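Residue numbers (the working numbering): 256 to 424.
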């Protein structure tokens, strides 16, 4: 069981990785572990008063979500024809599951901010920007869970980045 924060309400509640109310896909233990860790990081981000740290923890949660997508793609034998030349999680996720390409672009656009925070170059992320980013990561992780369990097609979801351009968030 995974405990997560809902992006829209901020409420905490349990959500099972394998739901009985949908046609469940097999979920690899690696994907489930990565999604659990993503939820833990997002919960930690929610409890952090410092906006830069909230942004950083939420970004790390998104990276674990990307890892869960990649693990799910491996389980379904969705593999590139050749070994990837990059280790960039966002590029790999977009290649493995094209319906997550808009999410990959969204997070890649924020990679410089994450790197600057980690390097200590910048510590100032506006509180409203950190909060919006946190909310977007929550939406992304819900789409990852839906993808892994087969509950929803991310490209058809109303919250999906593929049909929605909130890149200014």
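For each residue, glycine too, the CB sits at the ideal point set by N, CA and C. Predicted, not measured: the structure shown is a model, and the values here were computed from it.
Residue i, DSSP secondary structure in three states
i: residue 293; result: helix
i: residue 317; result: helix
i: residue 341; result: coil
i: residue 221; result: No answer is possible for residue 221: the residues shown for the chain start at 256 and end at 424.
i: residue 350; result: helix
i: residue 331; result: coil
i: residue 324; result: helix
i: residue 298; result: helix
i: residue 283; result: coil
Neighbour-count burial assignment, residue i, 16 or more Cβ in a 10 Å radius
i: residue 340; result: exposed
i: residue 393; result: buried
i: residue 376; result: exposed
i: residue 293; result: buried
i: residue 302; result: exposed
i: residue 370; result: exposed
i: residue 357; result: buried
i: residue 374; result: exposed
i: residue 382; result: exposed
Other residues of its chain near residue i: CB distance less than 6 Å, five sequence neighbours each side excluded
i: residue 372; result: 307 and 311
i: residue 300; result: 309, 312, 313 and 389
i: residue 322; result: 289
i: residue 328; result: 351 and 352
i: residue 320; result: 293, 395, 396 and 399
i: residue 380; result: 306, 307 and 310
i: residue 295; result: none
i: residue 359; result: 345, 348 and 349
Cβ separation of residue i and residue j, assumed to be a contact under 8 Å, to the nearest whole Å
i: residue 318; j: residue 344; result: 6 Å
i: residue 330; j: residue 396; result: The Cβ separation is near 18 Å, so there is no contact.
Cβ shell of residue i (< 8 Å), same chain only, five flanking positions each side left out
i: residue 385; result: 306, 307, 309, 310 and 313
Own chain partners of residue i with C-beta closer than 7 Å, once the 5 adjacent residues on each side are dropped
i: residue 326; result: 283, 285, 286 and 289
i: residue 362; result: 317 and 345
i: residue 355; result: 324, 348, 349 and 409
Whole alpha helix (DSSP H) runs in the segment 357 to 408 with 4 or more residues, listed along the chain?
-> Qualifying alpha helix (DSSP H) stretches, in chain order: 366 to 374 and 382 to 404.
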